[in-house]
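Here the structure is laid out as structure tokens; the discussion comes afterwards.
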DNA sequence: CAGGTC
DNA sequence: TCTGG
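Numbering (this note's numbering), first residue to last: 19 to 455.
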């Protein structure tokens with residue numbers, strides 16, 4: 019399942035690293051990690067066990083930052099277990115992973131019996147999509163978009179994962195009309211309730227909860243709608259049971275995997291035939307698991323940033339399938355074949371927890387981040403360098419029809435102004451990007 | 001009260 | 001139409 023047939027698993031950076039070397043720069047950001055909290059040495063696959071099983075991924079910080087990749091909404095299978103450290107499940111393996119100053123260390127702490135140790139390195143490289151050089155792409159995106167260039171240094175290493183298709187589809191079935199925290203719980207209950215338990219191999223060092231593989235389609239077929247409602251799925255319970263049935267009729271996991279080889283629009287169309295799967299969920303599943311690197315899942319936040327920077331004429335419009343397509347086209351026109359990856363960095367920069375991280379953000383943008391795009395002109399009419407319509411014939415864009423005339427916001431300019439003050443006060447002190455130098 | 005799909 | 005924040 020995790021075996022890649024479409025591309026080589028490793029890049030030269032990974033292969034070229036030393037087999038076993040000392041940790042030199044054991045730091046988190048600017049804080050040194052206390053001695054003894056990390057193993058003395060790390061090893062490549064197959065080395066002796068005195069290295070405590072740790073390996074280096076070989077990814078400098080421009081290529082992978084865990085905090086921008088694991089807890090930012092593309093997977094709900096990771097739990098933060100420490101400062102810049104996570105435990106999660108990749109396929110049949112329980113993985114402990116830790117951010118270092120200019121690399122990432124990992125080790126396997128549990129596995130199914132059939133998960134061979136010899137495959138560990140390849141499985142990790144595949145999951146983290148290491149054959150795609152993020153830093154090179156970032157340079158081209160920064161040249162194409164001033165807004166991207168400005169925010170990107172604060173969100174380095176926001177890498178797209180290459181997750182299992184079935185797992186990804188059901189994770190994002192849960193995501194519709196829902197928030198990250200709740201999705202996390204639903205996915206966890208799905209796995210612990212019906213997935214195969216993965217035995218720990220280092221139980222002496224780990225006292226946390228048990229870990230489970232994501233349930234197979236056959237295991238999911240045994241789950242009733244009532245089970246799922248009891249597990250807190252709400253009306254999505256029927257989406258899950260319905261999609262399980264339809265998926266099995268179509269050929270199960272193997273059929274889903276064939277979508278990787280075909281064009282992205284075919285994958286999206288196929289996914290949209292499943293109950294509970296619309297354009298957004300389909301784009302998530304395709305981008306996060308089916309190698310559809312150009313796809314952009316358009317939710318309300320992505321729509322907001324797109325109208326702000328690329329498609330001002332769409333301001334105030336509803337998120338219809340046609341609009342979804344327009345935003346998708348604008349992203350591809352600007353960012354190219356890996357537009358979905360570029361969108362990922364932009365999406366993260368919009369998350370509430372990162373608000374205020376980019377210094378010099380205009381007052382208008384702060385209001386927009388908090389309130390949506392409708393009030394932009396009331397506060398700051400300054401045009402952004404990116405705010406040009408891209409990849410459209412201009413039929414609707416030039417007229418602005420249906421755009422700013424319809425403001426359905428609650429509260430007028432006065433409330434905007436007062437919220438501005440609140441916003442400014444809430445802003446965190448401007449922290450420089452940790453690796454801008 | 002936010003948040004995609006039917 | 002569900003439920004956590």
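Even for Gly, the Cβ is constructed at its ideal location relative to N, Cα and C. In this text the structure is predicted, and so the values were computed from the model without any measurement.
Euclidean distance between Cα positions of residue i and residue j
| i | j | result |
| --- | --- | --- |
| residue 80 | residue 241 | 42 Å |
| residue 357 | residue 280 | 18 Å |
| residue 141 | residue 254 | 31 Å |
| residue 270 | residue 361 | 30 Å |
| residue 182 | residue 126 | 18 Å |
| residue 244 | residue 301 | 28 Å |
| residue 351 | residue 372 | 27 Å |
| residue 340 | residue 354 | 20 Å |
| residue 179 | residue 133 | 20 Å |
| residue 275 | residue 321 | 29 Å |
| residue 165 | residue 348 | 15 Å |
| residue 158 | residue 167 | 10 Å |
| residue 272 | residue 109 | 15 Å |
| residue 97 | residue 70 | 21 Å |
| residue 252 | residue 303 | 21 Å |
| residue 131 | residue 175 | 33 Å |
| residue 74 | residue 284 | 37 Å |
| residue 291 | residue 149 | 31 Å |
| residue 337 | residue 163 | 24 Å |
| residue 83 | residue 171 | 12 Å |
| residue 414 | residue 335 | Note on residue 414: pLDDT 32, under 50, position unreliable in the model; no value is reported. |
| residue 230 | residue 367 | 31 Å |
| residue 15 | residue 147 | Residue 15 is absent from the model: the chain starts at 19 and stops at 455. |
| residue 429 | residue 85 | With a pLDDT of 35 at residue 429, under the threshold of 50, the predicted position of this residue should be treated as unreliable, and no value is reported. |
| residue 201 | residue 78 | 30 Å |
| residue 72 | residue 105 | 14 Å |
| residue 313 | residue 277 | 14 Å |
| residue 365 | residue 246 | 30 Å |
| residue 374 | residue 323 | 16 Å |
Outcome for residue i when other beta-carbon atoms lying within 10 angstroms are tallied against a minimum of 16
| i | result |
| --- | --- |
| residue 154 | exposed |
| residue 76 | buried |
| residue 227 | exposed |
| residue 135 | exposed |
| residue 111 | buried |
| residue 216 | buried |
| residue 198 | exposed |
| residue 195 | exposed |
| residue 151 | exposed |
| residue 92 | buried |
| residue 144 | buried |
| residue 296 | exposed |
| residue 236 | exposed |
| residue 282 | buried |
| residue 267 | exposed |
| residue 264 | exposed |
| residue 100 | exposed |
| residue 139 | buried |
| residue 343 | exposed |
| residue 331 | buried |
Contact belief for residue i with residue j at Cβ below 8 Å, rounded distance in angstroms
| i | j | result |
| --- | --- | --- |
| residue 316 | residue 345 | 5 Å |
| residue 94 | residue 363 | The Cβ separation is near 20 Å, so there is no contact. |
| residue 262 | residue 238 | 5 Å |
| residue 128 | residue 234 | With 8 Å as the limit, residue 128 and residue 234 do not qualify as a contact, their Cβ atoms being about 18 Å apart. |
| residue 177 | residue 90 | The pair is not a contact, with the Cβ atoms about 10 Å apart (cut-off 8 Å). |
| residue 257 | residue 191 | 5 Å |
| residue 293 | residue 250 | Their Cβ separation, rounded to whole angstroms, is 19 Å, which puts residue 293 and residue 250 out of contact at 8 Å. |
| residue 116 | residue 137 | Contact flag wrong, Cβ pair sits at about 21 Å. |
| residue 359 | residue 319 | Going by Cβ atoms, the distance from residue 359 to residue 319 rounds to 17 Å, so no, they are not a contact pair. |
| residue 124 | residue 107 | 13 Å between Cβ atoms; not a contact. |
| residue 169 | residue 376 | 5 Å |
Closer than 7 Å: residue i CB and nearest the ligand SAH heavy atom
| i | result |
| --- | --- |
| residue 91 | This structure simply doesn't include the ligand SAH, nor any ligand for that matter. |
Below 8 Å, can you find three or more Cβ-Cβ pairs linking the region 209-219 to the region 317-330?
-> no
Should the region 184-199 be regarded as contacting the region 300-308, the criterion being three or more beta carbon pairs within less than 8 Å?
-> yes
Three CB pairs or more closer than 8 Å across the region 114-132 and the region 192-211 = no
3-residue-minimum beta strand (DSSP E) runs that sit fully inside the region 64-142, ordered along the chain = Segments of the beta strand (DSSP E) lying fully in the region 64-142: 96-100, 103-108, 111-117 and 122-129.
Minimum length 4: unbroken alpha helix (DSSP H) runs contained in the region 285-364 = Counting only runs of 4 or more, we get 297-307, 318-327 and 339-353.
Runs of alpha helix (DSSP H) wholly within the region 178-244 (minimum 4 residues, chain order) | 183-191, 198-212 and 235-239
Please list the segments of the alpha helix (DSSP H) lying wholly inside the region 238-277, counting only runs of 4 or more residues, in order along the chain.
-> 243-248, 254-268 and 270-276
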